[in-house]
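As structure tokens, the structure follows; a few thoughts come after it.
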Ligand SMILES: Nc1ncnc2c1ncn2[C@@H]1O[C@H](COP(=O)(O)OP(=O)(O)O)[C@@H](O)[C@H]1O
Ligand SMILES: [Mg+2]
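Encoded structure:
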């Protein structure tokens with residue numbers, strides 16, 4: 317791509333208070349985007365989004381960047397407000413990288429995203445949303461079940477105890493999730509199978525990058541909070557990402573089709589990651605992540621690497637996608 321050096325890109329990110337939860341820490345991603353833009357000789361400014369939200373908006377209005385690199389994962393520490401910052405950019409008519417506000421909002425509400433997927437023939441675990449003290453029927457459900465917060469990310473609230481084997485355990489876990497995360501619990505059938513992270517890049521159609529498989533060698537066969545973030549934990553040690561995953565061609569094709577369809581149905585844009593589990597040969601979509609973590613140590617970067625793409629090339633591409641929406645942001 318030529319001529320990007322004349323543009324000014326604002327890197328927008330949520331401000332991260334000291335001691336914040338590792339799943340909220342976006343600063344490593346900011347650092348790597350800064351490095352990439354510098355190498356590409358593209359001008360940039362960094363615009364943090366803190367509690368004084370009008371300050372960030374005023375900066376954007378006065379700077380009028382050509383595009384925003386959107387790394388804003390929430391506002392006021394609430395991931396539920398991730399979509400709102402993208403919506404502000406839409407109102408300001410500033411083109412930005414990644415998925416539109418609608419997609420960010422839909423995918424955040426896992427049950428709504430699953431409704432759209434299943435209504436369109438994409439396999440996703442059978443589910444019910446429940447709150448503490450609610451009377452429920454489990455007709456048609458088979459134990460074990462998996463309980464998780466309905467609108468969290470980064471495996472927040474995910475531990476081995478989320479796999480439940482009977483009604484008593486289920487009721488306890490729903491109560492725990494509801495009270496701890498102040499939101500309903502998503503109760504799903506547990507998919508006991510291989511776990512795949514499917515990275516997609518581009519639009520019309522997006523390209524599926526080499527798949528990452530998460531291998532579990534221990535007892536706990538889920539990507540729990542510890543397995544994802546706590547390096548000193550046993551779960552972290554017992555979880556190994558492998559990229560590219562070793563899959564039969566026919567299964568690979570099915571997984572790719574399901575991932576592309578999910579990307580489209582949930583109105584993702586530029587880049588996304590679809591989390592899938594295989595049950596036999598059926599790929600079940602657990603969730604879709606628009607604007608996934610692009611930290612060099614995260615799954616998306618492994619898929620880029622396996623595709624022979626550097627982070628720099630990735631940044632150049634997505635900035636190019638945003639700039640191409642200049643006249644209709
Ligand atoms: N229905 C399920 N069956 C089996 N494992 C699941 C199920 N739902 C979630 N998990 C496990 O929990 C992890 C986190 O769940 P996910 O829905 O991807 O939420 P997050 O947004 O926190 O990444 C998954 O990567 C997977 O290991
Ligand atoms: Mg996930």
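In the numbering used here, the protein residues as written are 317 to 645. In this text, a Cβ means the ideal position worked out from N, Cα and C, and glycines have one as well. This structure is a prediction, so every number in the text was calculated from the model and none was measured.
Pop quiz: residue i and residue j are said to be a contact at Cβ under 8 Å. What is the actual Cβ separation, rounded to whole angstroms?
i	j	result
residue 473	residue 465	4 Å
residue 440	residue 494	With 8 Å as the limit, residue 440 and residue 494 do not qualify as a contact, their Cβ atoms being about 22 Å apart.
residue 456	residue 593	At roughly 20 Å, the Cβ-Cβ gap does not stay under 8 Å, so residue 456 and residue 593 are not in contact.
residue 429	residue 582	6 Å
residue 561	residue 512	6 Å
residue 570	residue 597	7 Å
residue 381	residue 362	Incorrect: roughly 11 Å between the Cβ atoms, too far for contact.
residue 631	residue 320	Residue 631 to residue 320, Cβ: 10 Å. No contact.
Answer with buried or exposed for residue i, where buried requires no fewer than 16 other C-beta atoms within 10 angstroms of its C-beta.
i	result
residue 453	exposed
residue 538	buried
residue 546	exposed
residue 605	buried
residue 317	Only weak support exists for where residue 317 lies, its pLDDT of 48 falling under 50; the coordinates are left without a value.
residue 389	buried
residue 505	buried
residue 371	exposed
residue 438	buried
residue 328	buried
residue 566	exposed
residue 407	exposed
residue 458	exposed
residue 531	exposed
residue 649	Only positions 317 to 645 of the chain appear in the structure, and residue 649 is not among them; the question remains open.
residue 426	buried
residue 503	buried
residue 357	exposed
residue 478	buried
Quick one, which of the options has its alpha-carbon nearest residue i's?
i	options	result
residue 364	357, 386, 358	386
residue 647	346, 501, 428, 609	The requested residue 647 is not part of the displayed model; the chain covers only 317 to 645.
residue 621	429, 356, 574, 559	559
residue 375	413, 395, 325, 338	325
residue 345	608, 642, 632	608
residue 367	492, 598, 393	393
residue 469	644, 337, 637	337
residue 355	598, 629, 640, 567	629
residue 520	334, 540, 639, 577	577
residue 475	544, 377, 482, 613	544
residue 421	563, 602, 400	400
residue 637	391, 522, 424, 477	522
residue 529	616, 573, 357, 518	616
Report all residues for which the CB-ligand distance to some heavy atom of ligand 2 is below 7 Å; order them along the chain.
471, 539, 591, 602, 603, 605
Please give me, in chain order, every unbroken run of the beta strand (DSSP E) with length at least 3 that falls completely inside the stretch 512-594.
528-532, 555-558
Taking only runs of the beta strand (DSSP E) that begin and end inside the stretch 392-454, which ones reach a length of at least 3 residues, in chain order?
443-446
Extract the residue ranges of the alpha helix (DSSP H) inside the stretch 463-503, only unbroken runs of 4 or more that lie entirely within it.
483-497
With a floor of 3 residues, list each beta strand (DSSP E) that falls wholly inside the stretch 358-383, ordered by position along the chain.
359-365
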